[in-house]
Amino acid sequence: DIQMTQSPSSLSASVGDRVTITCRASQKISDFLNWYQQKPGKPPKLLIYGSSRLQSGVPSKFSGSGSGTDFTLTINSLQPEDFATYYCQQSYNTPYTFGPGTTLEIK
Amino acid sequence: QVQLQESGPGLVKPSETLSLTCTVSGGPIGSAYWSWIRQPPGKGLEWVGNLYSNGGTRYNPSVRSGVTISGDTSKNQFSLKLRSVTAADTAVYYCAIFREWGDYREYNWFDPWGQGTLVTVSS
């Protein structure tokens, strides 16, 4: 199985900040990497697929990059609704696996 | 817009079978792919398995309880069965659409998701 790791596991930031979350795969996965946002008591919401492709309806403040084993999710100009947990997920092969999540908290 | 809703018992006894149903509205299920994903309380996400439009399935070998995913196109529903469950199967279970994209349908992702249903395995 492909193991996914994320750093940091938690992050404190202020409204208006720009933050970057890192995801690493245990083997090369090309750009088969998705990002999800999850708020408490809610299902995950797709933000980005194929490493850098923004899902329809997702604000352009979210951006993704990376290929191979290292990926990043960047969120510009944080707003209160952006404070949530973010998960990466590899779609390279089965079993599809998720990272452990990064919780973004208000400072 | 397609919407999904999970339903089923919230409490299952150890060694018994967990059965959940996902009801789909806003579109027929016959031409799509479908997934179950679970999340133990306070923990991360684990893919359980997929059901493909040709009836084929693929499961996560790490899910130790016996898994079966099946569909009923006449009811626009698909279901999950986990046999011989243990406390480790306690989780919020989500159903989701499994999307594919690309020249060779090489990209895929889960979207949208149902709201999820908590299943507790306890005697």
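So the sequences go chain by chain: E and U. Counting in my numbering, the first sequence runs from 3 upward without gaps. Counting in my numbering, the second sequence runs from 374 upward without gaps. Ideal placement from N, C-alpha and C gives every residue a C-beta, glycine not left out.
Item to complete: Express the C-alpha separation of E/F34 and E/P51 in angstroms, rounding to a whole number.
Response: Note on residue identity: the sequence assigns Tyr, not Pro, to residue 51 of chain E. Rounded to whole angstroms, E/Y51 to E/F34 spans 7 Å at the Cα level.
Worksheet item: How do the segment 440-448 of chain U and the segment 462-481 of chain U stand: do at least 3 beta-carbon pairs fall below 8 Å, yes or no?
Response: no
Item to complete: For U/K454, write down the residues that DSSP places opposite it in a beta bridge.
Response: U/S392, U/T441
Worksheet item: Any residues in the segment 431-451 of chain U with a beta carbon nearer than 7 Å to a beta carbon of chain E? Which ones, in chain order?
Response: R431, N433, P434, S435
Worksheet item: Does the beta carbon of U/T420 come closer than 8 Å to any beta carbon on chain E?
Response: For the record, residue 420 of chain U in the displayed sequence is Trp; it is not Thr. At least one chain E Cβ lies under 8 Å of U/W420.
Worksheet item: So, using beta-carbon positions, are E/G66 and E/S79 closer together than 8 Å?
Response: no
Discussion item. If you follow the beta strand (DSSP E) that E/F34 is in, where does it begin and where does it stop?
Written reply: Segment: none, E/F34 is in no beta strand (DSSP E) and carries neither H nor E.
Worksheet item: For E/Q81, which option in E/G18, E/K44, E/D3, E/S14 has the closest C-alpha, if you only look at C-alpha atoms?
Response: E/G18
Worksheet item: Taking the DSSP output, what are the residues bridged to E/Y88?
Response: E/Q39, E/T104
Worksheet item: Within this structure, are the beta carbons of U/Y467 and U/W486 separated by less than 8 Å?
Response: yes
Worksheet entry | Cβ-based burial, E/Q91 [other Cβ within 10 Å; buried from 16] | buried
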